[in-house]
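Written below as C-alpha cells is the structure these notes are about.
Protein chains: 2
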Amino acid sequence: MTSSPQTSAFAPAGGAVHTPKADMDVMRCLVCDIRNKSLCSSMDEEGLAALAHSSRQLLLPPGTTIVEEGEPALAFFNVTRGTVKLFKSLPDGRRQITGFADAGQFLGLSTAQTYSFGAETVDNVRLCRFLRPQLEALLSDYPTFERRLLAAVTDKLAEAQEQMLLLGRKTAREKVATFLLDRMRAFHQTANRRQEAENMASVPMTRVDIADYLGLTIETVSRTISAFRRSMLIASAENHRIRILSVATLLNIASGQKAD
Amino acid sequence: MTSSPQTSAFAPAGGAVHTPKADMDVMRCLVCDIRNKSLCSSMDEEGLAALAHSSRQLLLPPGTTIVEEGEPALAFFNVTRGTVKLFKSLPDGRRQITGFADAGQFLGLSTAQTYSFGAETVDNVRLCRFLRPQLEALLSDYPTFERRLLAAVTDKLAEAQEQMLLLGRKTAREKVATFLLDRMRAFHQTANRRQEAENMASVPMTRVDIADYLGLTIETVSRTISAFRRSMLIASAENHRIRILSVATLLNIASGQKAD
DNA sequence: CGAGTTATTGACTCCCCTCAAATGATGTGG
DNA sequence: CCACATCATTTGAGGGGAGTCAATAACTCG
Chain A
1 MTSSPQTSAF APAGGAVHTP KADMDVMRCL VCDIRNKSLC SSMDEEGLAA
51 LAHSSRQLLL PPGTTIVEEG EPALAFFNVT RGTVKLFKSL PDGRRQITGF
101 ADAGQFLGLS TAQTYSFGAE TVDNVRLCRF LRPQLEALLS DYPTFERRLL
151 AAVTDKLAEA QEQMLLLGRK TAREKVATFL LDRMRAFHQT ANRRQEAENM
201 ASVPMTRVDI ADYLGLTIET VSRTISAFRR SMLIASAENH RIRILSVATL
251 LNIASGQKAD
Chain B
261 MTSSPQTSAF APAGGAVHTP KADMDVMRCL VCDIRNKSLC SSMDEEGLAA
311 LAHSSRQLLL PPGTTIVEEG EPALAFFNVT RGTVKLFKSL PDGRRQITGF
361 ADAGQFLGLS TAQTYSFGAE TVDNVRLCRF LRPQLEALLS DYPTFERRLL
411 AAVTDKLAEA QEQMLLLGRK TAREKVATFL LDRMRAFHQT ANRRQEAENM
461 ASVPMTRVDI ADYLGLTIET VSRTISAFRR SMLIASAENH RIRILSVATL
511 LNIASGQKAD
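Respectively, the protein sequence lines represent chains A and B. Note that the numbering used here gives residue 51 to position 51 of the first sequence, counting from 1, and the numbers run on in steps of one. Throughout, the numbering used here is defined as the position within the second sequence, counted from one, plus 260.
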C-alpha cells in the first residue's frame with residue numbers, strides 16, 4: 001500500500017531525497033541473512049533491490065494464520081526466519097500437515113483462485129509477502145528467478161512424494177525416526193553456528209503438529225519418542241531440541257530395516 | 261518405429277524436398293489430439309513444431325519401465341495416451357504409488373542428477389520424450405511454455421497435498437471412495453465422447469496398484485469395493501470400468517461425512 | 001505458586017493387516 | 001472349442017499395531 005519514493009545507496013546517482021524507511025526497505029534483501037539461500041539466491045544486487053521493492057516484510061508470533069484454506073490466493077510468501085506449518089483439513093476436523101516451511105522456503109503458490117491449504121506459524125516467524133501481480137512481474141522480468149522457482153517447486157514435489165511413501169507405507173516407528181532425522185537436517189541448514197548443530201534437531205512444533213504431520217496420534221508419537229529415548233537413540237535437550245545419539249541406527253529404522 | 265509417408269494437407273507451401281519421416285515428425289504435435297490440453301496448449305503452431313522437433317514419440321506396452329528410481333534423470337515425458345504410475349519404494353519392497361499420470365500429464369521432472377521415483381506403464385501408453393538439454397532449450401525459448409510448466413508443477417503439488425490428506429487421515433472406505441471419484445474425473449477428461457463417460461470411471465490398474473496408491477492392502481481394497489457394490493453405490497462394467505451409481509453418496513463418504 | 005496447557009503412560013478396543021483358500025478371468029496349445 | 005495353467009480377485013478367519021479413552025505428570029507463564 002505504501003508507495004514510497006525509492007532511491008537507495010546503490011541507486012544510480014540522482015538528487016532525490018528519501019526517507020530512512022525507504023532506505024531500509026530497499027536494503028532489506030541486500031542484507032538479508034538468507035539471500036544466498038532460497039529463491040533469492042537467483043538474484044543479483046539489482047534483483048535483490050527489486051525483490052525488496054516488490055515485497056513487504058511481516059513479523060508474526062506463534063500460532064498466527066498466514067493463509068486460510070479456501071480464501072482467495074492473493075499472495076506468495078518467503079520464510080526468512082522460523083517455521084511455518086502447511087495443512088489440509090477434513091470437514092470433521094481431521095487435519096494433515098503437508099509440510100513445514102523453515103527459513104529459506106517459500107509457500108503460497110496456487111494456480112487456482114483460492115488456496116487449497118492453510119498455513120500457520122509454529123514459532124516466531126519472519127516472512128516476505130509478495131502480492132500476486134508483483135510476483136508475476138518478477139517472474140517475467142527475471143528469468144533466472146522464474147527458473148529458480150520452477151526448481152524449488154519441483155523439489156517440493158519430490159519432498160511430497162517422499163512424504164507420501166512415509167504416510168502410506170511406513171510404521172509409526174519408521175515415521176518418527178524419519179521425522180527426527182529430517183528435523184536434524186533442517187536445523188543443520190538454518191543454524192548459524194555449525195558446531196552446536198551437530199546431531200541436534202530443532203522440534204519447535206507440538207506433539208499435535210507432529211502427529212498431524214506423520215498421520216499418527218499424539219499418544220503414538222509420544223510413546224515412540226519415549227521408546228527411542230529409553231533405547232538411548234536420542235536425548236532431550238533444552239528449547240524444544242533433541243540430540244540424536246545414533247544417527248546410523250535411526251537411519252536404518254527410517255528406511256525400513258528392522259535393525260534396532 | 262514405423263515411418264509411413266506423411267505429407268499432409270496442412271503442410272505450409274514450400275518447395276523444399278524433405279523425407280516423409282521428417283514431415284511426419286514435424287506434424288506430430290500439430291495433429292496430436294491432446295495438443296490443446298497439457299503443457300502443449302501453451303504453444304502456437306511454430307511452438308508445436310518446435311516441440312515435435314525436440315521430442316521423440318514412444319509407444320509402450322503395459323508394464324514397461326519408463327524411469328527407474330536412482331537412475332540418471334536424462335529425460336522428461338509427456339503422456340499422450342494411456343496411464344502411467346509413479347512410485348517410490350522402500351528397501352524391503354514396500355511401495356507407494358505417488359500418482360497416476362493420464363493423457364495430458366507430464367512426468368520426469370527432477371532437479372537432482374537422478375530420479376527420486378520410478379515410473380511404469382499401466383496400459384498401452386504413448387508418450388513424448390524430451391531429453392534434458394532439449395527441454396531446457398524449450399523453457400528458454402518459449403516463456404509461455406515455462407510458465408505453463410510452472411503452473412503444471414504447482415498443480416501437481418496441490419494434488420500431492422490432497423493425497424497426503426488421504427494417506428494420513430482418511431479411512432479405507434474414504435480412501436476408496438475418493439479414488440473412484442478421481443478415476444471418474446480422469447475418465448471424463450480424457451474420454452472422446454462425453455456421453456458415454458457419464459458417471460463412468462476407468463480403472464486400468466490392478467488391485468495391487470490401487471492398494472499401493474491408497475496405502476492399503478489388496479484385500480482391503482477388494483472388500484471395500486465389494487461393499488460399495490453391495491450397497492448399490494457402484495456397478496462393474498466391461499473393460500476395467502466401473503459405473504458410479506451414486507456420486508453424491510460417494511462424495512459424502514470421500515469427504516469424511518459418515519452418511520452411507 | 002496455581003491455573004491452564006502440553007506431554008506421558010496405561011488399559012483396552014478396533015480397523016486394517018496377515019495368512020489361507022476359493023473363485024473368476026485370461027491366455028495357450030492341442 | 002475346450003482343457004489347463006497362470007494370474008488376478010474375492011472372501012473368510014484370526015491377529016496385531018495403532019487408536020481411543022482416561023488418568024497422571026511436566027511444563028509455561030501470569
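Where is the CB? At the ideal position from N, CA and C, for every residue including glycine. This one's a predicted model, so the numbers in the text were calculated from it and none came from an experiment.
Contacts around residue i, its chain only, beta-carbon distance under 7 angstroms, and the 5 residues preceding and following it disregarded
{"i": "residue 1/A", "result": "Residue placement at residue 1/A is flagged as unreliable, the pLDDT there being 36, under the threshold of 50; the coordinate-derived value follows with that caveat. Result list for residue 1/A: empty, nothing under 7 angstroms."}
{"i": "residue 158/A", "result": "none"}
{"i": "residue 177/A", "result": "250, 253 and 254"}
{"i": "residue 470/B", "result": "439 and 481"}
{"i": "residue 412/B", "result": "299 and 366"}
{"i": "residue 503/B", "result": "459, 460, 494, 495 and 497"}
{"i": "residue 335/B", "result": "368, 389, 390, 391 and 392"}
{"i": "residue 433/B", "result": "484 and 513"}
Element boundaries [beta strand (DSSP E), containing residue i]
{"i": "residue 85/A", "result": "83-89"}
{"i": "residue 362/B", "result": "355-362"}
{"i": "residue 371/B", "result": "Here residue 371/B belongs to no beta strand (DSSP E), and DSSP marks it neither H nor E."}
{"i": "residue 466/B", "result": "Element bounds for residue 466/B: n/a, residue is neither H nor E."}
{"i": "residue 163/A", "result": "Residue 163/A -> not in any beta strand (DSSP E); alpha helix (DSSP H) instead, spanning 143-169."}
{"i": "residue 380/B", "result": "378-381"}
{"i": "residue 127/A", "result": "125-131"}
{"i": "residue 497/B", "result": "494-497"}
{"i": "residue 65/A", "result": "65-67"}
Status (buried if at least 16 other CB within 10 Å, exposed otherwise) for residue i
{"i": "residue 298/B", "result": "buried"}
{"i": "residue 484/B", "result": "buried"}
{"i": "residue 267/B", "result": "Any reading at residue 267/B is ruled out, since the residue's pLDDT is 32, under 50, leaving its predicted position unreliable."}
{"i": "residue 108/A", "result": "buried"}
{"i": "residue 99/A", "result": "buried"}
{"i": "residue 338/B", "result": "buried"}
{"i": "residue 356/B", "result": "buried"}
{"i": "residue 140/A", "result": "exposed"}
{"i": "residue 380/B", "result": "buried"}
{"i": "residue 183/A", "result": "buried"}
{"i": "residue 186/A", "result": "buried"}
{"i": "residue 486/B", "result": "exposed"}
{"i": "residue 146/A", "result": "buried"}
Enclosing alpha helix (DSSP H) for residue i [first to last residue]
{"i": "residue 460/B", "result": "Looking at the DSSP string, residue 460/B is not in any alpha helix (DSSP H); the run it does join, the beta strand (DSSP E), is 460-462."}
{"i": "residue 484/B", "result": "478-490"}
{"i": "residue 189/A", "result": "172-190"}
{"i": "residue 502/B", "result": "Premise fails: residue 502/B lies in the beta strand (DSSP E), 501-504, not in any alpha helix (DSSP H)."}
{"i": "residue 306/B", "result": "305-314"}
{"i": "residue 34/A", "result": "Where residue 34/A is concerned, there is no enclosing alpha helix (DSSP H), given that its DSSP letter is neither H nor E."}
{"i": "residue 251/A", "result": "247-254"}
Interface residues of chain A facing residue i [CB-CB closer than 8 angstroms]
{"i": "residue 515/B", "result": "90 and 91"}
{"i": "residue 376/B", "result": "158, 161 and 162"}
{"i": "residue 415/B", "result": "111"}
Within chain B, the residues that residue i reaches when beta carbons sit closer than 7 angstroms
{"i": "residue 28/A", "result": "Under the 7 angstroms cutoff, chain B gives no residues; its nearest Cβ is about 25 angstroms from residue 28/A."}
{"i": "residue 96/A", "result": "424, 425, 428 and 429"}
{"i": "residue 215/A", "result": "427, 428 and 429"}
Neighbourhood of residue i by C-beta, 8 angstroms cutoff - its chain only, sequence neighbours within 5 removed
{"i": "residue 245/A", "result": "199, 232, 233, 234 and 235"}
{"i": "residue 112/A", "result": "73"}
Nearest-angstrom Cβ-Cβ length linking residue i and residue j, presumed shorter than 8 angstroms
{"i": "residue 175/A", "j": "residue 166/A", "result": "6 angstroms"}
{"i": "residue 318/B", "j": "residue 389/B", "result": "6 angstroms"}
{"i": "residue 122/A", "j": "residue 80/A", "result": "About 15 angstroms separates the two Cβ atoms, so there is no contact after all."}
{"i": "residue 117/A", "j": "residue 86/A", "result": "5 angstroms"}
{"i": "residue 52/A", "j": "residue 28/A", "result": "5 angstroms"}
{"i": "residue 302/B", "j": "residue 154/A", "result": "Not really, about 18 angstroms apart at Cβ, beyond 8 angstroms."}
{"i": "residue 374/B", "j": "residue 331/B", "result": "6 angstroms"}
{"i": "residue 309/B", "j": "residue 290/B", "result": "7 angstroms"}
{"i": "residue 169/A", "j": "residue 475/B", "result": "7 angstroms"}
Per-residue contacts from residue i into chain B (C-beta, under 9 angstroms)
{"i": "residue 38/A", "result": "Correct list: empty, because the minimum Cβ distance to chain B is about 14 angstroms."}
{"i": "residue 207/A", "result": "Correct list: empty, because the minimum Cβ distance to chain B is about 15 angstroms."}
{"i": "residue 149/A", "result": "410"}
Per-residue contacts from residue i into chain A (C-beta, under 7 angstroms)
{"i": "residue 510/B", "result": "Within chain A, no residue comes near residue 510/B; the closest Cβ sits about 15 angstroms away, beyond 7 angstroms."}
Cβ shell of residue i (< 6 angstroms), same chain only, five flanking positions each side left out
{"i": "residue 450/B", "result": "362 and 363"}
{"i": "residue 386/B", "result": "319, 340 and 341"}
{"i": "residue 316/B", "result": "389"}
{"i": "residue 73/A", "result": "110, 114 and 115"}
{"i": "residue 507/B", "result": "none"}
{"i": "residue 240/A", "result": "203 and 204"}
{"i": "residue 65/A", "result": "120"}
Under 8 angstroms by beta carbon: chain B residues contacting residue i
{"i": "residue 131/A", "result": "The premise fails here: residue 131/A is roughly 17 angstroms from chain B at the closest Cβ pair, so nothing lies under 8 angstroms."}
{"i": "residue 198/A", "result": "Here the premise fails: no neighbours, minimum Cβ distance about 26 angstroms."}
Beta-carbon neighbours of residue i, restricted to chain A and to distances below 9 angstroms
{"i": "residue 318/B", "result": "In chain order: nothing, as chain A lies at least about 22 angstroms away."}
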